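Q:
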Amino acid sequence: MVINSVLCRRNTTKKLKGYQLEVPIDQAVKPAVQPTRRVPYQLREKLEAKIKELLDSDVIESVSGPSK
């Protein structure tokens, strides 16, 4: 099936109010801690702009502490 590439590029982000996603976690698997990685200097401005865009469109939200 061929899909028009113009349709694929449309912004189809919708908001779900009152919905909280739960990620299933297998308790039998031992958690692994990964080190934080630096963002290359050349990409920092683009990354900050994308994060601001996602925050402004309510796709992501800021948190002030650790998750549950």
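Going by the numbering used here, the sequence shown opens with residue 13, and the numbers climb by one from there.
Glycine residues also receive a C-beta, built at the ideal position from the N, C-alpha and C atoms.
Computed from a predicted model, the values in this text were never measured in an experiment.
1) Return helix, strand or coil for Leu28, following the three-state DSSP convention.
2) Glu60 by DSSP, collapsed to three states: which one?
3) In the structure shown, what three-state DSSP assignment does Glu34 receive?
4) Look at Leu67 and Ser76 and say whether their C-beta atoms are less than 8 Å apart.
5) If I'm right that Asp70 touches Lys27 with Cβ under 8 Å, what's the distance once you round it to whole angstroms?
A: According to the data block:
1) The residue labelled residue 28 in the question sits at position 16 within the sequence shown. Three-state DSSP puts Leu28 in coil, outside helix and strand.
2) Along the sequence shown, read from residue 1 onward, the residue named residue 60 stands at position 48. Note: Glu60 maps to helix in three-state DSSP.
3) By 1-based counting over the sequence shown, the position of residue 34 is 22. DSSP places Glu34 in coil when its eight states are reduced to three.
4) Looking up residue 67 in the sequence shown gives position 55. Looking up residue 76 in the sequence shown gives position 64. Result no, Cβ atoms of Leu67 and Ser76 do not sit closer than 8 Å.
5) Taking the sequence shown and counting its residues from 1, the one referred to as residue 70 is at position 58. Taking the sequence shown and counting its residues from 1, the one referred to as residue 27 is at position 15. Confirmed, Cβ separation roughly 6 Å.
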